[in-house]
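**Student:** Convert by adding 18 to the 1-based position in the sequence shown; the result is the number in the working numbering. Built from N, CA and C at the ideal position, the CB exists for glycine as well. Every value quoted in this text rests on a predicted model; they were computed, and no experiment measured them.
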Amino acid sequence: MASISAATRGLRNPSGTHWHFTQRPTGILAPRTSILARSNILGTQLRWRVVLPHHHHNHAIRAAIGENPTNNPDDFVVLGLGHCFIEDSNGKLQDHFVLEPIGAGALECMENGGKTCYKHVASMHLSTALAQDHSQLPEELRSGAFCEDFAFRTKCAARSWMRDYPQEKIVRYIPLGTVRSDFNYNLEDKRVLNKVNIVTDADNIKQDMSIDVYGRKKDDDANTATDAAPPSKKELEEDLISSLYNA
């Protein structure tokens, strides 16, 4: 069999089969890759295997996939001024306006009449948004504070606008440099930013009573009978009189 590469070295196992082994480097996110070739009378068979690299300090490699999305400064992105609330120490809600990126799917839902807390929405270049400079933003957005993880979320939102469908169907709803304030702005379901959601048993989804296998109906009936208010004195007297007349 012809040599695979100049780095190939031949090995012979007890069965008489010749093995040839070579290594070559690959990309950053993958460990070293090796080729293992087997030579026999039927020809050459190749298979891939992964060999972990050796490190002096045995430090694990962490692939930072998704932590830094690839973007260009001229990418299209949309920001919205969200009307949110913060609950104070007295339990009262205080208005709080936040600047957040809006993905293509969310804006399409808003265009179709979905309720939203975004009072104003504006489109711009990604570089303008990432500057986080209120003076570079449209006047309608300047009263808002930048949301948590703004840079990362904005890069992710910008990537949602790069697909073919948003470019062909959704960008036209808010062309570059446009500010819109005509969406279905609604505050019925308030966004409380510092609200702590405590999950209880009451949040569990119950089965329909028609397939009750836990005897819940009996328990509910017993609880209802226990919780029922005792009859009043007048009701007792009426029952007594009724029983005497019917005797």
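Using 8 Å for Cβ pairs, my map puts S199 next to K137. What's the rounded Cβ distance?
**Tutor:** Contact holds; Cβ gap of about 7 Å.
**Student:** Would DSSP call F103 helix, strand or coil?
**Tutor:** Three-state DSSP puts F103 in a strand.
**Student:** Quick one, which of C135, T172 and V95 has its alpha-carbon nearest V210's?
**Tutor:** The shortest C-alpha separation from V210 is found at C135.
**Student:** Can you tell which of N89, F94 and H101 has its C-alpha closest to the C-alpha of Y203?
**Tutor:** Y203 has its Cα closest to that of H101, out of N89, F94 and H101.
**Student:** So, with DSSP's three-state summary, where would you put S145?
**Tutor:** Helix.
**Student:** Closest to A176 by C-alpha separation, out of K251, V95 and D106, would be which residue?
**Tutor:** Looking at the Cα atoms, V95 is the closest of the given residues.
**Student:** CA-CA distance, K208 and F103?
**Tutor:** Rounded to the nearest angstrom, the two C-alpha atoms are 7 Å apart.
**Student:** Spell out the partners DSSP gives Y183 in its beta bridges.
**Tutor:** Beta-bridge pairing links Y183 to no other residue.
**Student:** Quick check: the stretch 182 to 190 against the stretch 157 to 174, are at least 3 beta-carbon pairs closer than 8 Å?
**Tutor:** Not touching, per the Cβ criterion.
**Student:** Whole angstroms is fine: what's the gap from K251's alpha carbon to H114's?
**Tutor:** Straight-line Cα distance between these residues: approximately 55 Å.
**Student:** Output needed for D93: all residues of its chain with C-beta closer than 6 Å, excluding positions within five of it in sequence on either side, in chain order.
**Tutor:** These residues qualify, in order along the chain: L144 and A176.
**Student:** What are the boundary residues of the alpha helix (DSSP H) that L125 is part of?
**Tutor:** Its alpha helix (DSSP H) spans residues A122 to E129.
**Student:** If we ignore side chains and look at the alpha-carbon of each, how far apart do P91 and N222 end up?
**Tutor:** In a straight line, the C-alpha of P91 is about 46 Å away from that of N222.
**Student:** Tell me L205's beta-bridge partners as DSSP assigns them.
**Tutor:** None; L205 has no bridge partner.
**Student:** Report back the beta-carbon spacing between V116 and C174 to the nearest angstrom; my notes put them in contact at under 8 Å.
**Tutor:** The pair is not a contact, with the Cβ atoms about 17 Å apart (cut-off 8 Å).
**Student:** Can you tell me the Cα-Cα spacing of V139 and K213, whole angstroms?
**Tutor:** Taking the straight line joining both Cα atoms gives about 25 Å.
**Student:** Taking DSSP as the reference, what is the three-state secondary structure of E166?
**Tutor:** Here E166 sits in coil by DSSP.
**Student:** Could you tell me the distance, in whole angstroms, from the CA atom of L148 to the CA atom of M128?
**Tutor:** Approximately 24 Å, taken between the alpha carbons.
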